[in-house]
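Chains as they are written, first to last, in the working numbering: chain U, 1 to 106; chain A, 1 to 106.
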């Protein structure tokens, strides 16, 4: 068992998305913290694999993105649950921190 | 794909732990929000099953509990990563909200 602290990965870079792998050595899940600068888009994508993911907004606000032009308002405390096969993405309005859990990991 | 809002489960009951299943119909993971009133303990337990879990502190503070008398300070933004087989628990000092992800689900 180990303890991770999200305060240790609270870093932003202007105009881009930073990525911190919190758990990447597990057979069960992968947990990643992405920090998006204001205005940054995590492009809609999908993978042809079985599995599911959650995207939890930790701080800030923006939109969860889906197929086509789907954009669902997203703020701290909101979670998107999606199949890995389903198109998914995020657009940050403000600086935005998200926690992504992928199970099984890809 | 669906969106869940943690603000919808922000409920406490004096002296106990409330449990809200956010995702319980998935083959990939289970996601549960527990809200512990101040002073409440989620007793140390384990299951003889393969798999892993994360316990993320959303609000408040207390301790992650482990084997024996292990007690690790836990505050908002801290995550415990544990095998399902490893003894794990939580003790709330203040009112405390935690998000538990179990993969694969049990």
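A virtual CB, placed ideally from N, CA and C, is assigned to each residue, including glycine.
Being a predicted model, the structure only gives us computed values, none of them experimental.
| Under the three-state DSSP convention, the category residue 8 of chain U falls into | Indexing the first chain from 1 puts residue 8 of chain U at position 8. In this structure, DSSP gives residue 8 of chain U a helical state, which the three-state scheme calls helix.
| Going by beta carbon distance, what residues of the same chain come within less than 7 Å of residue 43 of chain U, once the five residues before and after it are set aside? | Residue 43 of chain U sits at position 43 when you count from the first residue of the first chain. Same-chain partners within the cutoff: 89.
| request: Between the Cα of residue 7 of chain A and those of U:71, U:56, U:86, spot the shortest distance and give me the residue it belongs to. | output: Within the second chain, the letter at position 7 stands for residue 7 of chain A. Residue U:56 is the option with its Cα nearest to residue 7 of chain A.
| said: Does the contact criterion of 3 or more C-beta pairs under 8 Å hold for the region 93-105 of chain U versus the region 59-66 of chain U? | reply: yes
| task | Using alpha carbons as the reference points, say which of A:83, A:50, A:29, A:71 lies closest to residue 52 of chain U. | result | Within the first chain, residue 52 of chain U is the residue found at index 52, counting from 1. For residue 52 of chain U, the nearest C-alpha among the options comes from A:29.
| With a Cβ-Cβ cutoff of 8 Å, do residue 17 of chain A and residue 3 of chain A count as a contact? | Walking along the second chain from the start, residue 17 of chain A turns up at place 17. Walking along the second chain from the start, residue 3 of chain A turns up at place 3. No, these two residues do not count as a Cβ contact at 8 Å.
| request: Using alpha carbons as the reference points, say which of A:93, A:24, A:65 lies closest to residue 35 of chain A. | output: Translated into the one-based positions of the second chain, residue 35 of chain A becomes position 35. It is A:93 whose Cα lies nearest to the Cα of residue 35 of chain A.
| What does residue 54 of chain U reach in chain A if we use C-beta pairs closer than 8 Å? | Taking the first chain and counting its residues from 1, the one referred to as residue 54 of chain U is at position 54. Near residue 54 of chain U (Cβ distances below 8 Å), the residues of chain A are 23, 29, 31, 101.
| said: Does chain A have any CB closer than 8 Å to the CB of residue 1 of chain U? | reply: Translated into positions along the first chain, residue 1 of chain U becomes position 1. Closer than 8 Å: yes.
| Tell me the DSSP bridge mates of residue 73 of chain A? | Against the second chain, residue 73 of chain A aligns to sequence position 73. Residue 73 of chain A pairs with A:63.
| In whole angstroms, what separates the C-alpha of residue 72 of chain A from that of residue 86 of chain U? | Position 72 of the second chain, counted from the start, is the residue given in the question as residue 72 of chain A. Position 86 of the first chain, counted from the start, is the residue given in the question as residue 86 of chain U. Straight-line Cα distance between these residues: approximately 38 Å.
| query | Are any of the Cβ atoms in chain A nearer than 8 Å to that of residue 66 of chain U? | reply | Within the first chain, numbered from 1, the residue matching residue 66 of chain U stands at position 66. Chain A contact via Cβ: present.
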